[in-house]
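Q:
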Ligand code: UD1
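Residue numbers (full-length UniProt numbering): 1 to 376.
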């Protein structure tokens, strides 16, 4: 079986790590195509080196742009690559512009598409990721769902037959790196200046267009973070830095201490050292949950609804609309006393993904052979 993985943005590199390792333990050929959607070393290179992912076989170098320009640039650059490679499967990850472009390029060339992290829904059509994931699910041949909830969404959309429960590959990588961090195998993370890892602090990220792009909203969220009673280590995505500069908003205010994005092991170590997380990232909500830290999510909804149970994760659409006291109580609340279950699986999802792709390849081969026999 020949599989081409198409990745481009930071969260996809995290998911690629366990998948590449699982394929490396088989006879299958696994080709990695990096679209170049993320190109900063902090968002890309450190994930390859830090997670032991083989270098990409092909780099498309598309870079940033409007949604249409970025998606179109990936399509244009990817078409000849897929045509030359003729893989058995094109494996796309998550919900970025690289995901939908990879899926479209493949289906238009009659190549089979498998979608990792299928079936997630926010039901918020303002999110570019929601269009990307819905459209990718509906054109893919094999839908690899991380959770039972995702399976339900796919069934509701008439996609049950193509859907399989694979579990969440982020558990595989998160738990592996957690164990390595706890065993002292990674250097201490480069937290922002002014954050003492030995004293309580909150770890924060913010990058969604709905939070960063409107100056009033961004200013209000940063002000709310600055008013929290604990130091806030804000690991700033380049979009956040760019938007703050554009609108003249000072990120380093009050409790906030700004630093650069961390490599994956640094992020895991940072979450483990923290008293809790404040974020609008999908992945970080789940990493906080897996690492037993409370999370406060600055969004009106989440795709990872399982994290909300027992208050491990709490949604706060507009922190600045709460009283400062209520907001502080929420963000620095203590962890629930009841341990949570394992709705995302036990850390064996990548192996399951390979098995499911093998099974789907065999299933697809049967009608072809039957048809050939009938012809003879
Ligand atoms: C993308 C994904 C989002 C994911 C996020 C993880 C889409 C629609 N969104 O959002 O789902 O959660 O990645 O980080 O695909 N930039 C740089 N250097 C880089 C990359 C980006 O400076 O290496 C800046 C550019 O100004 C760019 C902006 O960040 O315009 C946004 O980058 P883009 O890739 O369009 O989307 P993200 O916000 O990163």
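The C-beta atom is built at its ideal place from N, Cα and C for all residues, glycine as well.
#1: Would you say the beta carbon of residue 382 is closer than 6 Å to some non-hydrogen atom of ligand 1?
#2: When we look at the beta-carbon of residue 334 and count the other beta-carbons within 10 Å, is it buried (16 or more) or exposed?
#3: Between residue 129 and ligand 2, is the CB less than 6 Å from at least one heavy atom?
#4: Closer than 6 Å: is that where the CB of residue 43 sits relative to any heavy atom of ligand 1?
#5: Taking residue 307 and residue 285 to be in contact with their CB atoms under 8 Å, please state how far apart those CB atoms are, rounded to whole angstroms.
#6: In whole angstroms, what separates the C-alpha of residue 97 from that of residue 103?
#7: Could you name the residues that DSSP lists as bridge partners for residue 124?
#8: Would the region 193 to 205 count as touching the region 233 to 244 if we require 3 or more Cβ pairs under 8 Å?
#9: Which of helix, strand or coil does DSSP assign to residue 66?
#10: By DSSP's criteria, residue 89 is part of a beta bridge. Which residues make up the other side?
#11: CB-CB under 6 Å to residue 289, same chain, minus the five flanking residues each way: which ones, in chain order?
#12: Using a Cβ-Cβ cutoff of less than 6 Å, which residues in the same chain neighbour residue 1 once the five nearest sequence positions on both sides are dropped?
#13: Are residue 338 and residue 310 close, meaning C-beta to C-beta below 7 Å?
#14: Residue 82 and residue 111 - do their beta-carbons sit closer together than 7 Å?
#15: Rounded to the nearest angstrom, what separates residue 119 and residue 357 at their Cα positions?
#16: For residue 313, which beta-bridge partners are listed by DSSP?
#17: Apart from the five residues on each side of it in sequence, which residues of its chain come closer than 8 Å, Cβ to Cβ, to residue 148?
#18: For ligand 1, I want to know if residue 38 counts as a neighbour, meaning its beta carbon is within less than 6 Å of at least one of the ligand's heavy atoms.
#19: Does the Cβ of residue 371 have 16 or more other Cβ atoms within 10 Å, making it buried, or fewer, making it exposed?
#20: Within the continuous alpha helix (DSSP H) that includes residue 401, where are the two ends?
#21: Quick check: is any heavy atom of ligand 1 less than 6 Å from the C-beta of residue 238?
#22: How close, in whole Å, do the beta carbons of residue 302 and residue 172 come, if the pair is a contact with beta carbons under 8 Å?
#23: Roughly how many angstroms separate the alpha carbons of residue 294 and residue 76, rounded to a whole number?
#24: Comparing alpha-carbon positions, which option in 206, 5 and 153 lies nearest residue 296?
A: Put simply:
#1: Past the boundaries of the shown model lies residue 382; the chain is included only from 1 to 376, so the question cannot be answered.
#2: As a working mapping, residue 334 is identified with position 334 in the chain shown. Exposed, by the Cβ-count rule.
#3: With respect to ligand 2, the structure offers nothing, as its ligand set consists of ligand 1.
#4: The residue labelled residue 43 in the question sits at position 43 within the chain shown. For ligand 1, at least one heavy atom lies less than 6 Å from the Cβ of residue 43.
#5: Position 307 of the chain shown, counting from 1, holds the residue named residue 307. Position 285 of the chain shown, counting from 1, holds the residue named residue 285. Rounded, the Cβ-Cβ distance is 5 Å, consistent with contact.
#6: Against the chain shown, residue 97 aligns to sequence position 97. Against the chain shown, residue 103 aligns to sequence position 103. Residue 97 and residue 103: Cα-Cα distance of roughly 10 Å.
#7: If you number the chain shown from 1, residue 124 lands on position 124. Answer is none; residue 124 lacks a bridge partner.
#8: Short answer: they touch.
#9: Here residue 66 refers to the residue found at position 66 when the chain shown is read from its first residue. Residue state, collapsed to three classes: coil.
#10: In the chain shown, counting from the first residue as 1, residue 89 sits at position 89. Answer is 3.
#11: As a working mapping, residue 289 is identified with position 289 in the chain shown. Counting only Cβ-Cβ distances below 6 Å, and skipping sequence neighbours, we find 307 and 312.
#12: Taking the first residue of the chain shown as 1, we reach residue 1 at position 1. So the qualifying residues of the chain are 28, 88 and 361.
#13: Translated into positions along the chain shown, residue 338 becomes position 338. Translated into positions along the chain shown, residue 310 becomes position 310. Their beta carbons are under 7 Å apart, which means residue 338 touches residue 310 by this criterion.
#14: Working through the chain shown from its first residue, we reach residue 111 at position 111. Working through the chain shown from its first residue, we reach residue 82 at position 82. The answer is yes: Cβ separation under 7 Å.
#15: Here residue 119 refers to the residue found at position 119 when the chain shown is read from its first residue. Here residue 357 refers to the residue found at position 357 when the chain shown is read from its first residue. Each residue's Cα considered, the two are about 17 Å apart.
#16: Residue numbering aside, residue 313 sits at position 313 when the chain shown is read from its first letter. Residue pairing by DSSP puts residue 313 in a beta bridge opposite 295.
#17: Working through the chain shown from its first residue, we reach residue 148 at position 148. If we look at residue 148 and ignore the five residues flanking it on each side, its Cβ neighbours are 165 and 343.
#18: Counting from 1 along the chain shown, the entry for residue 38 is found at position 38. Because some heavy atom of ligand 1 lies under 6 Å away, the Cβ of residue 38 counts as near it: yes.
#19: Here residue 371 refers to the residue found at position 371 when the chain shown is read from its first residue. The predicted position of residue 371 is uncertain, since its pLDDT is 44 and thus under 50; a value taken from the coordinates is nonetheless stated next. By the neighbour-count rule (16 or more Cβ atoms within 10 Å), residue 371 is not buried but exposed.
#20: Coverage of the chain is limited to positions 1 through 376, which leaves residue 401 absent and any answer about it impossible.
#21: What you label residue 238 is simply residue 238 of the chain shown in a count that begins at 1. Checking the Cβ of residue 238 against ligand 1 gives yes.
#22: Translated into the one-based positions of the chain shown, residue 302 becomes position 302. Translated into the one-based positions of the chain shown, residue 172 becomes position 172. The pair is not a contact, with the Cβ atoms about 21 Å apart (cut-off 8 Å).
#23: Position 294 of the chain shown holds residue 294. Position 76 of the chain shown holds residue 76. Approximately 42 Å between the Cα atoms of the pair.
#24: What you label residue 296 is simply residue 296 of the chain shown in a count that begins at 1. Minimum Cα distance to residue 296 is reached at 206.
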